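Right, one structure below, let's go through it.
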Amino acid sequence: MLESIAYPKPWLLLQIAEALALGYVGLVLARRVRGWARGSKLNPVPPFAPGNVAKIWFLEVFAQPQIKRLSRTRWAAHLCIFWGFLSLGALSLFLAGLRLIESRALDGGRAAWLLHGDGNVIVKIWGNGFGLVLLAGLLLALARRFGPRPAPAEDSKEADTPLLVLLLWLTLSGFLLEGLRIATAFLAPHSAGPLLPWLTALWTVHGLSGVALIVFLPHSKLIHSILAPLVIALNARNEHARKDLYCPGPVKSKPTASPEA
Amino acid sequence: MPGSGKKQADRIARSLTWRQLLELEACARCGECRTLCPVYAQDGREAICARGKIAALRSLVRDARAGADQIAFLESLYTCSACGQCHVVCPVRIDTPELWEQARLALNSSGFPRPAAQTRQIDVIREFNNAFSRPQGERGAWADRAWRAGLLKEPVRLWRDHPAPNLYFAGCTASFDAPMQFVAVQSARLLQEAGVEFAILGPDEPCCASKLRRMGDETFPAEAARRISQLGGLSGATIVASCAGCFKGLHGDYARLPSGALPVVHLTQLLDRLIAEGRLRLRFEVPLRVTYHDPCHLGRHSQIYDEPRRVLRAIPGLQLTEMPRHGAFSSCCGMGGGLKLASEGLQHRMAAQRIREAEETGAQAIVTPCQTCCLGLMNGVKETGSSVRVLHLNDVVAAAVCPEVSADKVAAVFAAGC
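Sequence lines, in order, name chains A and B. Residue numbering for the first sequence follows our numbering, starting at 1 and increasing by one per position. Residue numbering for the second sequence follows our numbering, starting at 1 and increasing by one per position.
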């Protein structure tokens, strides 16, 4: 395996920025929750089958057929962005866990194998693979945004574009960083040396862009990534109990194809 | 405008449920709701679509200072038929019809005015227990008149004298509105033809009060609770409703209230079953090419799509063709949610659009099992000058079972003062 060069990473700076960002998001969300708590209680829900509700929830959150039914391109873009972020987020958490395990020497070196040894290729495939999925989703979303579309979707351009640009920048800077890192593996140490400050700078910018996204999240439409699964669960529960929309079973009609599809 | 600021915003927020407040934030702003919204198709303003309304309501529950946006929001909130199309297409599954109805309630109870025509309608329902300002004593008169005119096989029995396993719930429109009384007569006759044992409440039949909910009246829960206790005490009889609005009220709205679920079926469900069991024989050919209009309250709100279509397909000689927008994507005729009371012109334009869709299929008639949709679609026919006929599903079934009880015949007999 090619050895990529080690470069200085300002972890402390990033960790402080992340802690501040998460604290800020926590405060904003707590304020929002206080706002929602002003609402009245829900009416009691008649008995429902938790298994069916769980099935609806998993399907609508992870496969999103409700978007596929409206537009296959939009579904593909949304699914790529969703799975890309979900997997990269999970990878970040996994790596943070591994670093903690390694720092406390809890596992006899298995964490180090994944972090620095031959096992690191698994981490790289995971990260780069889902990074590509995310990039594909973002490019598709941008193509839809600026390509020819029916008039109704025009109004959201202004609100969406900065967010899409931030997401795209985050993804591209990640790829650039990874590309540079791989490139250093093919260079002699003395040739790779001048690249080190660039790697450090790019790593910092990429990390801080991620922090900016966290801060931006509750103020943008991205908040739906947290709230939508909750609303889908509440809806599935009610509609299953009422034998109403989207409920699988004998009362459900065959879904009608969208006239737009 | 009522008092402004945070206090006002709090009052509005407290009238919504916590789920609805959460839904305001969960909106993904994708704009799918605009694609198929029948009101947006006529109006074209962002404020009118679900995304625009949600954005306005979101800022209203933060700070309810009066402004131009608020006025636009109030207008768009009431010129919405709560057809549920935005709910169907919403990827986040925001329960928009419930949200609009609850927002109407929240705003009205916080002192924001609703359209005067809606207020008048609410007052009439509360005072007369029906939507037509008519004495309740006349409610079951259609049954007597139909029997005397020979339109029924036997007299329709009153529940208080002869309880039966089934209760036919005619609803206000079929009971009082002359052009639509044939629906009640044909429903009774079809049930008799199939040998279904049933009775009616006659003067004791209440208005289902669902219109109060549609327009966001705060007395709805109490009014509905009274009806639930009255109808729930009828020895477990199955309620058969021929009105899509009443069905949505009895089946959907009541079920959201504590112990409100009643045994209720829509007439089309029962007809479908009776035909399948061979109890209702469709003996006569009806050589007609028709298209089917899904009423919002029966389709999107209650998931009854297949039964009426099976009934139509069972009629000999009848050809059923679908409009591009059908089933869960059926476009609304504009009669629901008090929209017609708020903006009659808009309802006419929405119905005209639907009639044009029907024309494009080459159908001779558009059939629907909802008398309110029938009335709405007729406005569309007037608006477009179309030759497409608007038929109630009962009328088509009656033509195959008992052609002597056609809508025209009932209207003529009733007009003659029988």
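Idealized CB from N, CA, C, for every residue including glycine. No experiment lies behind these values; they were computed from the predicted model shown.
Who are the Cβ neighbours of residue i in its own chain at under 6 angstroms, not counting the five residues just before and after it?
i: A:Ala-153; result: Note that A:Ala-153 scores 48 on pLDDT, short of 50, meaning its location in the model is unreliable; the coordinates nonetheless yield the value given after this. Hits under 6 angstroms: none found.
i: A:Ala-257; result: Confidence in A:Ala-257 is poor, its pLDDT being 40 and thus under 50, which makes the residue's placement too unreliable to answer from.
i: B:Tyr-40; result: Arg-34, Ile-48, Cys-49
i: A:Leu-167; result: Leu-138
Rounded C-beta distance between residue i and residue j? I'm assuming under 8 angstroms.
i: B:Leu-60; j: B:Arg-104; result: Not really, about 13 angstroms apart at Cβ, beyond 8 angstroms.
i: B:Gly-84; j: B:Arg-300; result: 4 angstroms
i: B:Thr-368; j: B:Pro-316; result: That belief does not hold up - the Cβ atoms of B:Thr-368 and B:Pro-316 are roughly 21 angstroms apart, past 8 angstroms.
i: B:Ser-210; j: B:Ala-106; result: B:Ser-210 to B:Ala-106, Cβ: 19 angstroms. No contact.
i: A:Trp-169; j: A:Ser-225; result: A:Trp-169 to A:Ser-225, Cβ: 18 angstroms. No contact.
i: A:Ala-90; j: A:Val-211; result: Contact flag wrong, Cβ pair sits at about 18 angstroms.
i: A:Leu-70; j: B:Val-89; result: 6 angstroms
Would you report the Cα separation of residue i and residue j, rounded to the nearest angstrom?
i: B:Arg-214; j: B:Lys-53; result: 17 angstroms
i: B:Pro-57; j: B:Ala-237; result: Before going on, a small fix: residue 57 of chain B reads as Leu here, not Pro. Taking the straight line joining both Cα atoms gives about 42 angstroms.
i: A:Trp-83; j: A:Arg-34; result: 30 angstroms
i: B:Arg-310; j: B:Asp-272; result: 7 angstroms
i: A:Lys-221; j: A:Leu-227; result: 10 angstroms
i: B:Leu-250; j: A:Leu-135; result: 50 angstroms
i: B:Ser-343; j: A:Ser-92; result: 54 angstroms
i: A:His-206; j: B:Asn-108; result: 50 angstroms
i: A:Val-53; j: B:Glu-357; result: 36 angstroms
i: A:Ile-101; j: A:Gln-64; result: 36 angstroms
i: B:Phe-220; j: B:Arg-126; result: 10 angstroms
i: A:Leu-59; j: A:Pro-229; result: 11 angstroms
i: B:Leu-234; j: B:Ala-276; result: 28 angstroms
i: B:Val-405; j: B:Ser-133; result: 28 angstroms
i: B:Gly-433; j: A:Arg-32; result: The question about residue 433 of chain B has no answer here: the residues shown for chain B are numbered 1 through 418.
i: A:Trp-57; j: B:His-326; result: 26 angstroms
i: B:Ala-164; j: B:Arg-226; result: 22 angstroms
i: B:Ala-47; j: A:Phe-186; result: 58 angstroms
i: B:Arg-19; j: B:Arg-256; result: 14 angstroms
i: A:Val-61; j: A:Ile-232; result: 8 angstroms
i: B:Ala-412; j: B:Pro-179; result: 10 angstroms
i: B:Gly-278; j: B:Val-124; result: 43 angstroms
i: B:Gly-44; j: B:Cys-37; result: 10 angstroms
i: B:Ala-170; j: B:Ala-131; result: 13 angstroms
i: B:Asp-161; j: B:Asp-144; result: 15 angstroms
i: A:Thr-73; j: A:Gly-147; result: 12 angstroms
i: B:Gly-427; j: B:Phe-414; result: Residue numbering for chain B in the displayed model covers 1 to 418; residue 427 of chain B lies beyond these limits and cannot be assessed.
Would you check if the distance between the CB atom of residue i and the CB atom of residue j is smaller than 8 angstroms?
i: B:Leu-190; j: B:Asn-379; result: no
i: A:Leu-79; j: A:Thr-204; result: no
i: A:Val-25; j: A:Ile-214; result: yes
i: B:Ala-184; j: B:Ala-174; result: yes
i: B:Ala-407; j: B:Phe-182; result: yes
i: A:Gly-131; j: A:Phe-175; result: yes
i: B:Leu-167; j: B:Val-240; result: yes
i: A:Val-133; j: A:Leu-95; result: no
i: B:Tyr-119; j: A:Gly-39; result: The question names Tyr, yet the displayed sequence has Thr at residue 119 of chain B. No, these two residues do not count as a Cβ contact at 8 angstroms.
i: B:Ser-81; j: B:Cys-374; result: no
i: B:Asn-129; j: B:Cys-49; result: no
i: B:Asp-253; j: B:Ile-122; result: no
i: B:Leu-21; j: B:Ala-9; result: no
i: B:Ala-117; j: B:Leu-341; result: yes
i: B:Leu-377; j: B:Val-390; result: yes
i: A:Leu-202; j: A:Leu-180; result: yes
i: B:Gln-42; j: B:Arg-354; result: no
i: A:Gly-119; j: A:Leu-88; result: no
i: B:Gln-192; j: B:Glu-154; result: yes
i: A:Thr-282; j: A:Pro-50; result: Outside the shown range of chain A (1 to 261) lies residue 282 of chain A, about which nothing can therefore be said.
i: B:Pro-203; j: B:Gly-137; result: yes
Here's a check: name, in chain order, each residue in its chain whose Cβ is nearer than 7 angstroms to the Cβ of residue i, leaving out the five neighbours to either side.
i: B:Arg-51; result: Cys-27, Arg-29, Gly-31, Cys-33, Arg-34
i: B:Pro-308; result: Thr-268, Tyr-292, Pro-369, Leu-393
i: B:Ile-304; result: His-266, Thr-268, Gln-269, Leu-298
i: A:Leu-217; result: Val-25, Ile-223
i: B:Phe-247; result: Ala-241, Val-264, His-266, His-297, Leu-298, Ser-302
i: B:Ala-416; result: none
With a CB to CB cut of under 8 angstroms and the five nearest residues on each side skipped, what residues in its chain are close to residue i?
i: B:Glu-25; result: Arg-58
i: A:Lys-68; result: Trp-75
i: B:Arg-87; result: Per the sequence presented here, residue 87 of chain B reads as His, with Arg not at that position. Here the set comprises Arg-93, Ile-94, Asp-95, Thr-96, Pro-97, Arg-300.
i: B:Thr-372; result: Thr-173, Cys-243, Ala-244, Gly-245, Pro-295, Met-335, Gly-336
i: A:Leu-98; result: Ala-111, Leu-114, Leu-115
i: A:Leu-164; result: Leu-138, Ala-141, Leu-142, Arg-145
Contact between the stretch 196 to 210 of chain B and the stretch 312 to 325 of chain B (3+ Cβ pairs under 8 angstroms) | no
The stretch 360 to 379 of chain B touching the stretch 279 to 291 of chain B, judged by at least three CB pairs closer than 8 angstroms = yes
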